[in-house]
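Down below is the structure, laid out as structure tokens.
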Amino acid sequence: MALAAAALSAAAGEPTAASDKPAAQQARPARNPIDRWNQMSPEERERELSKLPPERARQIRERIRRYNQLPAQEKQELREGYQKFAQLPADKQEIVRQSMREFRQLPMERRPLVRRAIGQLRAMPEGPRGARMNSEEFRSQFSPQERQIIRDITEYLPGQPK
Amino acid sequence: MNCPMQHRNSETLMAYAAGELDRETGAAIERHLSACPACRSKVAGQVALWNALDIWEAPPVSPDFDRRLYRRIREQVRLSWWERLARPFRPMPLRQALPLGATACLLVIASFLIQQTDGLAPVQPRSEVVRADQVERTLDDLELLRQFGPANQAETSRADTM
Numbered sequence: 000m001a002l003a004a005a006a007l008s009a010a011a012g013e014p015t016a017a018s019d020k021p022a023a024q025q026a027r028p029a030r031n032p033i034d035r036w037n038q039m040s041p042e043e044r045e046r047e048l049s050k051l052p053p054e055r056a057r058q059i060r061e062r063i064r065r066y067n068q069l070p071a072q073e074k075q076e077l078r079e080g081y082q083k084f085a086q087l088p089a090d091k092q093e094i095v096r097q098s099m100r101e102f103r104q105l106p107m108e109r110r111p112l113v114r115r116a117i118g119q120l121r122a123m124p125e126g127p128r129g130a131r132m133n134s135e136e137f138r139s140q141f142s143p144q145e146r147q148i149i150r151d152i153t154e155y156l157p158g159q160p161k
Numbered sequence: 000m001n002c003p004m005q006h007r008n009s010e011t012l013m014a015y016a017a018g019e020l021d022r023e024t025g026a027a028i029e030r031h032l033s034a035c036p037a038c039r040s041k042v043a044g045q046v047a048l049w050n051a052l053d054i055w056e057a058p059p060v061s062p063d064f065d066r067r068l069y070r071r072i073r074e075q076v077r078l079s080w081w082e083r084l085a086r087p088f089r090p091m092p093l094r095q096a097l098p099l100g101a102t103a104c105l106l107v108i109a110s111f112l113i114q115q116t117d118g119l120a121p122v123q124p125r126s127e128v129v130r131a132d133q134v135e136r137t138l139d140d141l142e143l144l145r146q147f148g149p150a151n152q153a154e155t156s157r158a159d160t161m
């Protein structure tokens, strides 16, 4: 019975208790709500989803399935990023959320530029980063809205891309 | 011969008084009794007891003994529900009440200590229930964070949805 349940979970792209713990994850100090969700029994998950409208529940199922199918390395990086994000004060979390939503509203052709700038700035020490953002070159490259997005995310989104 | 009374061997004197010793041992006891007032007194008392038992006759049972016995049993059976309920709570002799009271006190103290220990014991990990809307919010955050994760730094047209 347990084997059948594990096989069904694996077929649905949901990690079982054993397969959900790659070596890199063992050192993870806290579990995010998705990990905890994956640890719940299928009956518990369905009971919780049944409290939402069917379409919304379906979307959540699909999004969790996609999350569970991400490569292990990417999932681990997301976990670490989320853990740091979750430690921010609520107001700063909201600033980051808002900036990231605005980023998604940017024209498609501008997003790679802004994303690359954010990556470069997050990898820089605080002093040079401030100098770079105040430079004339930087100002000329990005609009005020883009600069604000870059500033907020760089300042509040913890951690640096590897 | 060693004095049976001094050596806590009064069974030999009892056996002598009952006429159960062999001739040789009996003769040795007689020689000792002539010189030992304590053993002589003990034997005299035992012999008197045997003699008294020999002449004792049990008093005859009265003709209405059975009738009175059964009447008392019927009276006990006819006790009102209240008397039967109160019977266990009748005052009991101190000799019986003390051990019971001490046992009850020990049980109370033990249960208190067990409760204290339970409070300090580590909580067994168990599956926590996560609400579906909490999962949805986390998915939103992970999706936003994923845009700026290392996996997306080099890519410009990666799907933003998860």
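Chains A and B, in that order, are what the protein sequence lines are. Here numbering that gives the first Met the number 0 is used: position 25 in the first sequence is 24, and no number is missing along the way. Here numbering that gives the first Met the number 0 is used: position 148 in the second sequence is 147, and no number is missing along the way. Beta carbons: idealized from backbone N, C-alpha and C, even for Gly. Everything numeric in this text was worked out from a predicted model, so none of it was measured.
- Task: Below 8 Å CB to CB, which residues in the same chain sit around Arg44(A) once its five sequence neighbours on both sides are set aside?
- Result: As a working note, residue 44(A) is residue 45 in the first sequence. Close CB contacts of Arg44(A) within its chain, under the 8 Å cut and outside five residues either way in sequence, are with Trp36 (chain order).
- Query: Where does Pro36(B) sit, in a helix, a strand or coil, going by DSSP?
  - Reply: In the second sequence, counting from the first residue as 1, residue 36(B) sits at position 37. Pro36(B): helix per DSSP, three-state reduction.
- Tell me whether Gln147(A) is buried or exposed, calling it buried when 16 or more other Cβ atoms sit within 10 Å of its Cβ. Against the first sequence, residue 147(A) aligns to sequence position 148. Label assigned to Gln147(A): exposed.
- Own chain partners of Gln124(A) with C-beta closer than 8 Å, once the 5 adjacent residues on each side are dropped: Translated into the one-based positions of the first sequence, residue 124(A) becomes position 125. Inspection of the sequence shows that residue 124(A) is occupied by Pro rather than by Gln. Closer than 8 Å at the Cβ level, and outside the excluded window around Pro124(A), lies no residue.
- Message: Cβ closer than 7 Å: which chain B residues qualify as neighbours of Pro32(A)?
- Response: For the purposes of this step, residue 32(A) is taken as residue 33 along the first sequence, with counting starting at 1. Against chain B, a Cβ distance below 7 Å from Pro32(A) picks out Val129, Gln133, Val134 and Thr137.
- Item | Cβ-based burial, Ala116(A) [other Cβ within 10 Å; buried from 16] | In the first sequence, counting from the first residue as 1, residue 116(A) sits at position 117. Ala116(A) is buried by the Cβ-count criterion.
- Task: Please determine, among Val129(B), Ile54(B), Val46(B) and Ile28(B), the residue with the shortest C-alpha to C-alpha distance to Ala17(B).
- Result: Position 18 of the second sequence, counted from the first residue, corresponds to residue 17(B). Ranking the options by Cα distance to Ala17(B), first place goes to Val46(B).
- Message: What would DSSP say about Val60(B), mapped onto helix, strand or coil?
- Response: Residue mapping note: residue 60(B) aligns to position 61 of the second sequence, counting from 1. Here Val60(B) sits in coil by DSSP.
- Message: Classify Arg57(A): buried if its beta carbon has 16 or more other beta carbons within 10 angstroms, exposed otherwise.
- Response: In the first sequence, residue 57(A) corresponds to position 58, counting from 1. Arg57(A) counts as exposed, since fewer than 16 other C-beta atoms from the protein chains shown sit within 10 angstroms of its C-beta.
- Item | Distance CB(Val134(B))-CB(Ile94(A)) smaller than 8 Å | Walking along the second sequence from the start, residue 134(B) turns up at place 135. Walking along the first sequence from the start, residue 94(A) turns up at place 95. No, Cβ-Cβ distance for Val134(B) and Ile94(A) is not below 8 Å.
- Message: Quick check: what's the CA-CA separation for Arg67(B) versus Met13(B)?
- Response: Here residue 67(B) refers to the residue found at position 68 of the second sequence. Here residue 13(B) refers to the residue found at position 14 of the second sequence. A direct Cα-to-Cα measurement between Arg67(B) and Met13(B) gives close to 41 Å.
- Give the residues of chain B in contact with Lys91(A), contact being defined as C-beta atoms less than 9 Å apart. In the first sequence, counting from the first residue as 1, residue 91(A) sits at position 92. In chain order: nothing, as chain B lies at least about 13 Å away.
- Item | Minimum C-alpha distance to Val165(B) - residue among Ala27(B), Ser61(B), Thr11(B) and Arg22(B) | Residue coverage of chain B in this structure runs from 0 to 161, which leaves residue 165(B) outside it and unanswerable.
- Query: Beta-carbon of Arg47(A) versus every beta-carbon of chain B: anything under 8 Å?
  - Reply: For the purposes of this step, residue 47(A) is taken as the residue at position 48 of the first sequence. Note that residue 47(A) is Glu in the sequence shown, not Arg. Yes, contact with chain B.
- Query: When the distance is taken between beta carbons, is Leu120(A) closer than 8 Å to Val113(A)?
  - Reply: Counted from its first residue, the first sequence places residue 113(A) at position 114. Counted from its first residue, the first sequence places residue 120(A) at position 121. Not closer than 8 Å, so no.
- Please confirm if Ala56(A) has its CB atom under 8 Å from at least one CB of chain B. Taking the first residue of the first sequence as 1, we reach residue 56(A) at position 57. By this cut-off, Ala56(A) is an interface position.
- Cβ-based neighbour list, Arg150(A), same chain, cut-off 8 Å, excluding 5 preceding and 5 following: Stepping through the first sequence from its first residue, residue 150(A) is reached at position 151. Excluding sequence positions up to five before and after Arg150(A), its CB lies within less than 8 Å of the CB of Met132, all in the same chain and listed in chain order.
- Query: Who are the near neighbours of Cys35(B) in its chain, counting only those whose CB is closer than 7 Å to its CB and skipping five residues on each side?
  - Reply: For the purposes of this step, residue 35(B) is taken as the residue at position 36 of the second sequence. Cβ neighbours of Cys35(B) beyond the five flanking positions: Cys2.
- Query: Counting contacts by CB-CB distance shorter than 8 Å, is Gln123(B) in contact with chain A?
  - Reply: Counting from 1 along the second sequence, the entry for residue 123(B) is found at position 124. Low per-residue confidence applies at Gln123(B): pLDDT is 46, beneath 50, and the placement is therefore not dependable, though the value from the model is reported in the following sentence. Output row for Gln123(B): interface = no.
- Task: Output the distance between the C-alpha atoms of Glu127(B) and Gln92(A), rounded to the nearest integer angstrom.
- Result: Here the question's residue 127(B) lines up with position 128 in the second sequence. Here the question's residue 92(A) lines up with position 93 in the first sequence. Each residue's Cα considered, the two are about 24 Å apart.
- Task: Consider the Cβ of Leu141(B): report whether some Cβ of chain A lies at a distance smaller than 8 Å.
- Result: Along the second sequence, read from residue 1 onward, the residue named residue 141(B) stands at position 142. Output row for Leu141(B): interface = yes.
- Which of the three DSSP states, helix, strand or coil, is assigned to Ala120(B)? Against the second sequence, residue 120(B) aligns to sequence position 121. Interpretation of Ala120(B) is limited by its pLDDT of 46, a score under 50 that renders its predicted location unreliable; no figure is taken from the coordinates.
- Item | Interface residues of chain A facing Gln95(B) [CB-CB closer than 7 Å] | Stepping through the second sequence from its first residue, residue 95(B) is reached at position 96. Listed by position along chain A, the residues whose Cβ is nearer than 7 Å to that of Gln95(B) form an empty set, because the closest Cβ is around 54 Å away.
- Task: List the whole-angstrom C-beta distance separating Asn137(B) from Asn31(A), where the pair is believed to meet the contact cut-off of C-beta under 8 Å.
- Result: Start at 1 with the first residue of the second sequence, and residue 137(B) comes out as number 138. Start at 1 with the first residue of the first sequence, and residue 31(A) comes out as number 32. For clarity, residue 137(B) is Thr in the given sequence; the question names Asn instead. Contact between Thr137(B) and Asn31(A) holds: CB atoms are separated by about 6 Å, below the 8 Å threshold.
- Task: For Arg46(A), count neighbouring C-beta atoms within 10 Å of its own C-beta (all shown protein chains included) and say buried if the count is 16 or more, exposed if not.
- Result: Working through the first sequence from its first residue, we reach residue 46(A) at position 47. Classification for Arg46(A): exposed.
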